[in-house]
Amino acid sequence: MASKESSNFQKVLEFKIYKCSSFSSCYVPENILVDKPSDQTSRWSSDIDTYPQFLILKLRFPSIVKTITFGKYEKTHVCNIKKFKIYGSLEPQNMMELLENGLRNDSISETFDLKHMLGNEENYFPVRYIKIVPLQSWGPSFNFSIWHVQLTGTDDVNIVKPSIEWFNAYRQKEVIRLCMKHFRKLEQSEIVETLQRVTGVPLEDPTLTRLYDLLVTKGDHLQAECFISNAVMMGLLNDYINAQTYRAVWTKLSFNDGKPGMRGGHQMVLDPIAELLYLFGGWDGNQDLSDLWVYNIASNRWTIICKDTEAVGGPSARSCHKMCLDPDRRQLFTLGKYLDAEYRTPENLKSDFFVYDIESNKWTQISEDTFAVGGPQLIFDHQMSMDVEKRTIYIFGGRVLVSPTCSEDHVMMSSSTEPTFSGLYSYHVPTGTWNKLACDIAKPCPNAPTIRSRAGHSMLFHPGLRRLYIFAGQRGKEDLSDFFTYEVDTNHIEHIFNDFGAKDSNHVPAAGFTQRATIDPELGEIYVLSGLSKDKGKRFDSVQNSFWVYSIKNNKWSCIYRNDNVGEKYWSKMQDYEPCPRYAHQLVYDHVKKVHFLFGGNPGRSCLPNLRLDDFWQLKLCRPSHEQILKRCKLLIRKHKFKELALNNSVEALEYLQTKVSEIIDHNDVEQTKEFQLLTSLLFREQNSLLGEATNSNSSDAVLGNLINMDTSSLCYSTTRDIHSLRTELYDKLTEFFPESSTQPRANLIDLLPL
């Protein structure tokens, strides 16, 4: 149903205030219905600052709410909400969380995507009520204030009505499935069959029902293993594998022949189809470079294309420039550079723009000065991405070279003026035309949105979603920590996340460090390598490399790698195993082979300020293999079979433990070995538990009587009940490896009952 979203979802939705937790004096909740950024009283303010405070909005019609926008006061304010949660539902109770995020303490309105899809088929989630729950204000112990709220989405009855019908049917279906799961667990198969026959609602995919029959009903552990083996071969566990945390594996690449020399502030682009990586320019610690190299991934060999591109009609020596590649037409574009203060003459401050045709090995100057033809001024530390399908290049941010300034790979120069930052531009290659899409907030322009520009940030283009993902960077002395998207076809800006956190953040990449980012559109993942800060004042003794993955679908960051330690001794020992923290380096990604490459950079050694690196690294992100997952499942099955045997026959159980379980254990793994050793204790525990049932009396005569008179049938019943419970527990664990769309409900009916 939700496969195609259109402009219908941009409608501003009407709502009224349904309920609020409290309000103070004239700051009534109705104030948020109008946007008056210059009126300090035009806001809702809670009467107290303790949790929970909330606003509940009631939409005029049931709707699909896609975004929420918070308007703000024209100045910073201590009552602005720093953190908040949003909930939604068709009713004012039993709401589902739609968003958890925060607002910056500034005057710029912010828009956030709300969770608006449900179910495995990504159906729309209809709501009538929206609940806003402030969690923290910018000023400690201050009341919460919200100045203006706008909701966008659609209330089109042709979209919303089917969504409501689907949602109601979905809830009824889930209740029935929960009941079936509950009664099957109680071995009430007739009730389960009746429910399934009468309602037509299946409990699970028939394939998994077969596994239940093999494992729980028949107790055939060997056939259950065969079933799992076939499931792995058929790819039924691929979703589970793809959801597992990556493991970072660094490999240092070495060469017998020539390779690029030490440098930082260079640029690299990668052609995944041709398996070629191009490197151009940089700063070697003493001078800018103008050499162009190509690295053949398949043969692991560097080749120099040109020692001096300026000599063959190409760009002059430079660093802190940017490049992008059109792999379809095999063209390489480069723009921008850094200049020291003494070279910033009017003639040198022209922004030249070049393209390199790989097939003909020829450079062409597209423009002598892009600013003169509607493009950006001369900039450095900007970002450049290409929409290959539309043949459009996007350039955002960067410092404008109009006065002495600094770059991420050069010595800082004093400046009496505030730095100037460039806006967002697009360049259409076929027509050779520039378009200014957004201006910096310091220099707003008519008929164009404003964006808080920056330098040293990341910008990535997703060709499927047709969005630019922009995050982090610096603006003067401020480290920016926002993360937002720009839709290239609609010029719509949406804020995803507004707080990358402090330098020791464990949940998101920390602000204030040099970051290099790549994107995999197929997997819907963004990768960020965070390392050393280029600012000498922000280099911490405890700085670490860290590698993060952002899931676009789940809107979630995960840290998959941090180096263990810091200091010269550590890096001397690890120099051939992982790259040291650095800045002014380059990181590129092969989205076909799923491999990153890192080259060079500045290690920030205060004792060696001119030192640059020439090490070349390959990074692979590895998840558990199919074989490893299969082994994990088999181990679960065999452990449970051992537990069954331990209930009846200790000798047979011990033999099974020493053979079948032992052979699948990795005895080099400390955790698995420890778990294997603990399994032996089950043999004694089961015997002791039986003895405990018989000896639960104060009298020795009573104990003897209980042991003599203990009914064999009751013992059998107890054992059978325990075995069924064990098998059901095992089945539940195994179904976690399968897609949720094909399994029984993850939740349990008994857990949903209010206490």
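Numbering-wise, full-length UniProt numbering puts 432 at position 432 of the sequence shown, and it's gapless, one number per residue.
Glycine included, each C-beta is placed from N, C-alpha and C at the ideal position.
Close-in-space but distant-in-sequence residues of the same chain around residue i (CB under 7 Å, 5 per side omitted)
i: residue 246; result: 549, 560, 621, 622, 623
i: residue 613; result: 262, 582, 600, 601, 603
i: residue 316; result: 290, 310
i: residue 237; result: 231, 629, 737, 738
i: residue 165; result: none
i: residue 745; result: 174, 177, 178, 181
i: residue 229; result: 630
Residues bridged to residue i (per DSSP)
i: residue 153; result: 11, 65
i: residue 147; result: Its beta-bridge partners do not exist; DSSP assigns none.
i: residue 282; result: 289
i: residue 597; result: 588, 618
i: residue 354; result: 334, 365
i: residue 495; result: 112, 484
i: residue 127; result: 63
i: residue 88; result: 96, 130
i: residue 306; result: 292
i: residue 394; result: 385, 426
i: residue 377; result: According to DSSP, which records beta bridges pairwise, residue 377 is partnered with nothing at all.
i: residue 20; result: 55
i: residue 529; result: 516, 547
Own chain, CB closer than 6 Å to residue i, minus 5 neighbours either side, in chain order
i: residue 265; result: 282, 283, 319, 320, 409, 584
i: residue 17; result: 29, 30
i: residue 487; result: 467
i: residue 418; result: none
i: residue 371; result: 351, 377
i: residue 483; result: 471, 496, 497
i: residue 53; result: 21, 46, 134, 144
i: residue 224; result: 214, 215, 637
i: residue 292; result: 280, 305, 306, 309
Per-residue DSSP class, three states only, for residue i
i: residue 681; result: helix
i: residue 616; result: strand
i: residue 212; result: helix
i: residue 583; result: strand
i: residue 26; result: coil
i: residue 728; result: helix
i: residue 558; result: strand
i: residue 50; result: coil
i: residue 746; result: coil
i: residue 73; result: coil
i: residue 462; result: strand
i: residue 510; result: coil
i: residue 722; result: helix
i: residue 434; result: strand
i: residue 762; result: This structure gives no information on residue 762, because the portion of the chain shown stretches from 1 to 755.
i: residue 752; result: helix
i: residue 518; result: strand
i: residue 40; result: coil
i: residue 739; result: coil
i: residue 439; result: strand
i: residue 706; result: Any answer about residue 706 is weak, because its pLDDT of 45 lies below 50 and its placement is not dependable; what the coordinates show is given next. Of the three classes helix, strand and coil, the one that applies to residue 706 here is helix, per DSSP.
i: residue 400; result: strand
i: residue 78; result: coil
i: residue 343; result: helix
i: residue 632; result: helix
Close Cβ partners of residue i (< 8 Å) along its chain, the five nearest in sequence each way excluded
i: residue 49; result: 137, 141, 142, 143, 144
i: residue 113; result: 66, 67, 99, 494, 496, 555
i: residue 664; result: 631, 634, 635, 638
i: residue 386; result: 324, 325, 326, 333, 392, 393, 394, 461
i: residue 491; result: 437, 438, 449
i: residue 586; result: 266, 267, 268, 279, 516, 598, 599, 600, 601
i: residue 26; result: 41
i: residue 733; result: 636
Min CB distance residue i to chain D below 9 Å
i: residue 160; result: This model lacks chain D altogether, as it is built from one protein chain only.
- Are the region 639 to 651 and the region 603 to 619 in contact at 8 Å, needing three or more beta carbon pairs? no
- If you pair each beta-carbon of the region 98 to 105 with each one of the region 25 to 41, do three or more pairs fall below 8 Å? no
- Would you call the region 134 to 147 and the region 79 to 86 in contact, with 3 or more CB pairs under 8 Å? yes
- Query: Is it true that the region 359 to 371 meets the region 448 to 466, where meeting means three or more beta-carbon pairs spaced less than 8 Å apart?
  - Reply: no
- Run through the region 195 to 278 for me and flag every whole alpha helix (DSSP H) of 4 or more residues, listed as ranges in chain order. 206 to 212, 221 to 233, 238 to 242
- Message: Three Cβ pairs or more, each shorter than 8 Å: is that satisfied between the region 85 to 94 and the region 169 to 181?
- Response: no
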